[in-house]
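Below is one structure, written out as structure tokens, with a few remarks after it.
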Amino acid sequence: MTTQNKELRIERFYVGGMACSFCASTIEKGLSKVNGVESARVFLESGEVIIKYDKSLVSLELLKKEIERLGYYVFDKTLDSSAVLKDSKRRALISWLLTIISFLLTLPMMINVYTLPYYIFYVNILIVTFSLFYIALPIHEGALNALKKGILNEHVLYGVAGISAYILGLIGILNPNLRTFLFISALLTSLHLTSGWMGAILRYKAEKALSKIVELRPPIAHLIDGRDVPITQLKKGDVVIVKPGEKIPLDGVVIDGESEVSEAIITGESEPVIKKVGDTVIGGSTNGNGYLTIRITNDYSTSYLTRILGLVNEAKQGKSRMMTFFDKVVDRIWVPFVLTISFLTFLGWLIVGHWVYGIINALLVMVIGYPCAIGFSYPSVDLSLYEKYINLGILIKNINILEKFSNIKAIILDKTGTLTYGLPIVKEFYGDIKALTYAASIERFSSHPIAKAIIQYSEKKGIRFLEVKNFREIIGKGVMGEIEGNKVFIGRREAANCDVNNEDINIVICVNGRLVGGFIIKDVLRSDAEEFVKEIRKLGINPIMLSGDKENIVKIIAESIGIKEFYGNLSPEDKVKIVKAIREKLNGNIMMIGDGINDGGALAFSDISVAMGNAVDISKNVADIILVGNNFSSLLLMLIKRNRLAKAPALNVIIALSYNAIGIPLAILGILSGPLAMLIMILSLISVFANARLSMIYA
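Numbering (my numbering), first residue to last: 82 to 780.
Set out below in structure tokens:
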């Protein structure tokens with residue numbers, strides 16, 4: 082079939098049960114062997130599998146079944162994915178209960194195999210059989226299908242080791258010394274299912290975060306004919322009405338009405354923008370107090386916000402493909418290595434005339450080579466550091482980025498909402514109590530951000546509102562009304578009909594045409610921003626500011642806190658270009674801190690991405706770290722301890738591997754017994770978790 086005749090489609094599945102990049106490579110390899118699949122990419126952070134396929138050769142149902150045959154779950158993103166988590170949890174807990182019972186039945190045998198009633202052994206067989214072949218059945222099905230495709234993965238190693246141990250345990254009917262292998266089989270099952278459970282937890286959390294992205298757009302739009310429709314059904318040319326306070330559904334042009342629109346979360350511009358007939362508006366921005374009639378100019382798939390999501394997805398593809406060295410080794414080398422060593426061990430003992438010992442020692446090589454502790458080494462550090470830093474107001478979403486901390490050369494900071502609070506506040510008030518009372522009494526009828534700032538300031542001063550008559554809001558200028566027979570205007574100085582001598586005042590209070598007071602209202606710096614910039618400079622890290630705001634405003638903020646390199650008037654695409662340019666120039670990693678939709682692409686392309694706690698969900702989703710408390714102090718602590726943080730995960734992997742390095746030679750030589758193998762496995766897990774807990778103190 083020629084390229085022209087291909088019916089290429091791209092489909093996105095949401096997959097549960099993935100614990101690491103090991104699982105990701107299994108799915109990618111399995112799908113790539115399906116006739117008609119052009120490419121398959123797995124994004125562990127979001128639990129997504131994106132498949133490019135020829136519709137004429139393969140169906141969606143077949144692709145779904147193929148993923149499930151490999152041992153994973155495919156679920157509908159619109160449904161509650163907690164079902165995946167609950168199933169993984171149920172299987173793991175039942176398995177551990179059966180393993181504990183098996184251990185209690187096995188322990189007396191290990192002490193004296195002849196003192197217990199014979200039927201106890203058969204009870205143990207029934208328990209382990211149920212755990213191995215029913216509770217873990219999906220894993221065995223996945224392993225079998227992986228083998229059919231020539232894929233050697235962790236499921237295969239578990240299946241071979243678990244079933245082999247089970248068979249040896251059954252031979253305990255003839256040789257009681259082999260009965261302990263039943264417990265080994267049960268223990269391997271519990272460890273493997275627990276890894277899947279932990280993976281399900283991480284995928285579930287990622288799914289919940291991703292599901293909130295659509296909240297950036299309104300779920301419905303109001304058509305001019307009175308119908309409400311999902312925004313995905315809007316077409317170019319449709320006319321919609323946007324009410325005060327609502328989000329604008331998609332990109333368009335105003336054909337009727339006038340209002341101030343806040344685009345700060347989209348473009349980074351801190352000041353609301355006046356929109357009137359003929360002006361363009363961006364989907365996802367927030368309407369002010371006016372009614373707007375808008376003709377849609379871009380459908381859902383080509384809108385501004387969708388383009389930003391595209392930038393994020395483009396970067397996610399790059400990040401998702403960058404597996405750690407540990408994952409690459411386990412995926413490409415470890416399983417084939419263990420299986421090969423196991424076979425050679427059997428062959429060696431067979432040559433010297435001890436085939437029974439060959440079988441036992443070969444199995445022990447697989448048992449001790451099963452990377453259970455290795456698999457837990459990363460998650461255990463992840464959870465420990467997660468626990469520590471969440472208590473300090475930091476959520477670490479991607480533990481793999483910690484290894485990049487030791488080589489941070491620059492930190493790129495967004496301005497609006499990151500270095501500044503992103504909302505106007507009253508920095509200073511000029512006038513008496515009466516002037517403030519007049520202003521507050523009128524502004525309480527407005528939902529404008531400046532009105533909210535004045536009300537908040539007035540409430541702290543204990544102001545009591547007066548009766549207002551004939552309230553009127555003038556779009557882009559201010560508000561006015563009558564109080565005690567006086568005509569009062571509060572608004573921008575350039576729109577006032579009274580003289581203003583103080584150039585710092587940007588919001589004035591005029592009574593009967595006479596200036597009686599005013600406010601200096603600004604988007605001000607966060608209280609800890611200047612200290613943060615100062616301290617990272619001491620650490621040898623260069624601060625850089627990017628903003629969609631006006632160049633002169635960016636310059637004032639940058640110079641006030643000691644940032645020498647700064648850029649203004651940037652679109653989201655501009656930010657991405659600058660981030661790429663800085664990465665190419667620096668011999669090291671860069672961290673990006675942002676909060677808005679316009680930061681999404683730049684965050685995705687940085688080495689380490691940080692979102693503020695008040696950030697929109699798209700930024701939180703793509704970010705490696707979220708500053709839940711909206712302050713820099715805890716992040717500064719991470720930067721100070723960055724070398725220890727970078728080493729913590731790798732150290733745990735080394736500890737786990739050391740037990741395998743000791744146990745495998747002992748198994749080859751026939752020195753390793755079943756009980757000793759169990760002891761090494763248990764010690765490796767204890768050591769991994771102990772080191773993970775210590776990392777909470779030192780990292």
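C-beta atoms are modelled at their ideal positions from N, C-alpha and C, and glycine is treated no differently.
Looking only at C-alpha atoms, which of the options sits nearest to residue i?
i, options, result
"Y153", "L708, V130 and Y134", "V130"
"E654", "N670, K645 and A685", "A685"
"V209", "L228, S245, D680 and A610", "S245"
"I588", "E524, L445 and V635", "E524"
"N205", "F262, I601 and L218", "F262"
"N633", "N650, I622 and R618", "N650"
"K661", "G755, L775, I493 and Y740", "I493"
"G439", "L272, I752 and N724", "I752"
"V462", "P505, L726, L218 and D604", "L726"
"V560", "I531, E548, K542 and E540", "I531"
"G67", "H221, L228, A576 and G250", "What is shown of the chain runs 82 to 780, which leaves residue 67 out entirely."
"R90", "I622, I132 and C104", "I132"
"V358", "G369, P505, Y372 and V334", "V334"
DSSP beta-bridge partners for residue i?
i, result
"L596", "C591"
"I363", "Its beta-bridge partners do not exist; DSSP assigns none."
"N772", "According to DSSP, which records beta bridges pairwise, N772 is partnered with nothing at all."
"H273", "Bridge partners of H273: none, in fact."
"A302", "V310"
"M626", "L494 and F647"
"A685", "In the DSSP output, where bridge partners are listed per residue, A685 has none listed."
"Y451", "Y451 is not bridged to any residue."
"R573", "I588"
"N368", "V342"
"T374", "I322 and D337"
"A692", "G675 and I707"
Short check: CB of residue i to CB of residue j, under 9 Å?
i, j, result
"L667", "Y648", "no"
"A692", "G675", "yes"
"A242", "L179", "no"
"F546", "A521", "yes"
"D332", "T313", "no"
"I535", "V507", "yes"
"I659", "A683", "yes"
"D609", "F713", "yes"
"F211", "L144", "no"
"I745", "I449", "yes"
"Y511", "G599", "yes"
"V437", "I749", "no"
"Y740", "S776", "no"
"I564", "K550", "yes"
"K485", "D337", "no"
"E109", "R122", "yes"
"I571", "I602", "no"
Is any heavy atom of the ligand GTP found at a distance shorter than 8 Å from the C-beta of residue i?
i, result
"R171", "Because no ligand of any kind appears in the structure shown, any question about the ligand GTP cannot be addressed here."
Would you mind sorting residue i into buried or exposed? The rule is 16 or more other CB atoms within 10 Å of its CB.
i, result
"P730", "buried"
"D580", "exposed"
"Y200", "exposed"
"D495", "buried"
"N256", "exposed"
"T275", "buried"
"R607", "buried"
"S641", "exposed"
"L283", "Confidence at L283 is low in this model, with a pLDDT of 49, below 50, so its placement is unreliable and no value can be given for it."
"W430", "buried"
"Y779", "exposed"
"G643", "exposed"
"E554", "buried"
"G349", "Confidence at G349 is low in this model, with a pLDDT of 49, below 50, so the placement of that residue should be treated as unreliable; the coordinate-derived value is given next. Buried: at least 16 other Cβ atoms inside 10 Å."
"P417", "exposed"
"R172", "buried"
"E513", "It should be noted that the sequence gives Asp, not Glu, for residue 513. So D513 ends up on the exposed side."
"S423", "buried"
"G365", "buried"
"T107", "buried"
"T187", "buried"
To the nearest whole angstrom, what separates the beta carbons of residue i and residue j, a pair I think is in contact under 8 Å?
i, j, result
"T374", "V310", "About 16 Å separates the two Cβ atoms, so there is no contact after all."
"I322", "I305", "6 Å"
"I556", "E327", "I556 to E327, Cβ: 16 Å. No contact."
"I782", "S176", "Lying before the first or after the last residue shown, residue 782 is absent from the chain, which here runs from 82 to 780."
"I477", "I625", "That belief does not hold up - the Cβ atoms of I477 and I625 are roughly 23 Å apart, past 8 Å."
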